[in-house]
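The sequence shown maps to residues 8 to 421 in the numbering used here.
The C-beta atom is built at its ideal place from N, Cα and C for all residues, glycine as well.
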Amino acid sequence: MHILPYMLPVLLTASAASIPRSKTEHVDDIMVYLDGPTADGSAGIGVELESPFFKFAHPGCSMDDTNAAKKAVVDKRQGTNWLLTADTGVDPGKLNAEFIFDGQKIKVGTGELAKAGKAAADDLIKWYPWQKPQTEVQITNNKCNPWKITSPTSKDKPDIVPWDPQVTAPMPLEALYSIMQMHKDNKAHVLNGIMLRTDYSILVTKPYFTPVKEIKPAALSDDVLAFCSLVLSYAKSLDGKPLKPDESPKLRTPFMPRNDFVTLYNQVESKLKGIPLLPLFEKLACYKVSAGKLALDKKFCTGTAKAPVPNKVFAGLTFKNTASKSPDATLTVKAWIDGIAAKKDLLTAFDKTIDGSIGGLGSKTEKMYQGTRNVPLFEFRDLKDITTSGIEKFMTQVDTAVQDLHKKYKVAPK
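Right, here's the structure in full:
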């Protein structure tokens, strides 16, 4: 989230921060998503705009009834391919506003995304519900109705309200890798998120494969490097501080696969030439970037950078959700990676104990824009914030960016 400077003093006085999440209902209900896939499998785009500034409150509302408001429509504000909904945080009786743009219906290259964005923005600007203090709204089928708008205040015009975007779109792995490279180099791109919390993203490059004798680094293609980057980023993020109760690993990197990791692995399996996955990732984990250079990560390996020897620490790293009693709420990296090789993604099962974001679409992919090649869907998170008046322009930029990437990477790498 990148708070606009002129909004910062106001936001710092606001009580709750928005919790990043995409089109869901609470985990106990198993999620209902509108980010994809499209019914015919053609390339779609789903967008979520979460507001850290547009807030509702109902003191005394229970946590269960508050959570029941998640993704429910606010005051019947909806139109073609868009909804204004409520989003939950960690506190009972408090909600944030969230626009949802339907990725199951909006297609890449049709102009539908920008059209829906303009309609949603125009509706909010015309509505201006907080112009009168203590305005109340109804949230569909919520037991705590009505809810009071606590922020913004009457002096804040609707067109300057900030929104934090998240975008879901089909993306070939090698195109994702190009965005990962931009992320590493801090280059601007509409789909490149910049994290203000700790960023555990790892860009696996060819030198990481120095100890992997089964494949020559020069033969590695960018789709393989993207797959390895995703797995290693999620796994080694656990070397930082442990996950908080109900904290999804998705919060530790700006790139989240909406398909499971088995679907991603299927895209590159033939190129890995039958290399056992766990030993492969134990070797990749031997490296870290230090002072801009690749160095031996002594926590996970002994030996030297040219000849590292993995220990068992990497395999023992553990995803753990202490808020859940589900047997799926504890998962070692070894079990996860072995599961991918066995065509079962246990990280998807783990994330279902939280909000079902990672891998929530299973194996349901979409075709590339103007193509027949099926590629995975990703959610691009922590994108630069926009204002209501900038929604239409942002939507146009996103649509164009997806088209350009699909054209550039139309043919899968050999």
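Checking 9 Å against the spacing of the C-beta atoms, do residue i and residue j come in under that value?
i	j	result
Pro422	Lys295	Absent from the structure is residue 422, since the part of the chain shown begins at 8 and ends at 421.
Ile52	Lys114	yes
Ala195	Asn149	no
Tyr416	Glu181	yes
Leu102	Ala121	no
Thr394	Trp170	yes
Leu232	Tyr184	yes
Val382	Gln274	yes
Glu386	Gln173	yes
Glu55	Thr205	no
Gly100	Pro59	no
Span of the alpha helix (DSSP H) holding residue i?
i	result
Ala182	Leu180 to Lys191
Ala348	Val340 to Ala348
Trp426	This structure gives no information on residue 426, because the portion of the chain shown stretches from 8 to 421.
Val241	According to the sequence provided, residue 241 is Tyr. The question's Val does not apply to it. That run of the alpha helix (DSSP H) goes Asp229 to Lys243.
Leu354	Leu353 to Asp358
Gly323	Val320 to Gly323
Near residue i, which residues of its chain fall below 6 Å by C-beta distance, leaving aside the five closest residues on each side in sequence?
i	result
Lys257	Met263, Ser364 and Ile365
Pro214	Leu301
Ser396	Asp166
Ile132	Pro165 and Asp166
Gly86	Ala126
Tyr135	Pro165
Thr157	Lys62 and Ala64
Lys371	Pro44
Pro179	Val382 and Tyr416
Tyr376	Ala50, Val115, Gly116, Gln410 and His413
Pro177	Ala50, Glu373, Val382 and Leu384
Suppose you measure from the CA of residue i to the CA of residue j; what does that come to, to the nearest Å?
i	j	result
Asp229	Glu221	17 Å
Leu384	Glu373	7 Å
Tyr207	Ser236	11 Å
Asp345	Asp352	9 Å
Met202	Asp94	21 Å
Gly247	Ile146	39 Å
Phe61	Val269	38 Å
Lys350	Ala336	19 Å
Asp82	Arg380	41 Å
Thr92	Ala226	48 Å
Gly110	Ala314	47 Å
Thr160	Thr355	41 Å
Thr339	Ser240	15 Å
Cys308	Leu285	14 Å
Lys112	Asp406	14 Å
Ile186	Glu143	42 Å
Arg265	Ser255	13 Å
Asp362	Gly96	12 Å
Ala292	Gly200	24 Å
I'd like the span of the beta strand (DSSP E) that includes residue i, first residue to last.
i	result
Ala79	First-last for Ala79: undefined, no H or E at that position.
Phe385	Leu384 to Phe387
Leu102	Lys101 to Phe108
Met4	The question about residue 4 has no answer, for the chain in this structure spans 8 to 421.
Phe61	Gly53 to Ala64
Leu271	Not the beta strand (DSSP E): Leu271 falls in the alpha helix (DSSP H), residues Phe268 to Val275.
Val405	Counting along the chain, Val405 falls outside any beta strand (DSSP E), though it belongs to the alpha helix (DSSP H) covering Ile398 to Lys415.
Pro315	Pro315 to Pro317
Leu287	Segment Leu284 to Leu291 is the alpha helix (DSSP H) holding Leu287; no beta strand (DSSP E) there.
Asp166	Unbroken run through Asp166: none, as it is neither H nor E.
Am I right that residue i and residue j are in contact with their C-beta atoms under 8 Å? What's the rounded C-beta distance?
i	j	result
Leu198	Ala408	6 Å
Pro249	Lys327	7 Å
Leu324	Thr311	With a Cβ gap of about 23 Å, Leu324 and Thr311 do not count as contacting.
Ser162	Gln141	Reading the sequence as shown, one finds Lys at residue 162 and not Ser. Lys162 to Gln141, Cβ: 15 Å. No contact.
Pro261	Asp389	4 Å
Ala128	Ile398	4 Å
In chain order, what residues of the same chain lie with their CB nearer than 7 Å to the CB of residue i, ignoring the 5 residues before and after it?
i	result
Val316	Cys308, Thr309 and Gly310
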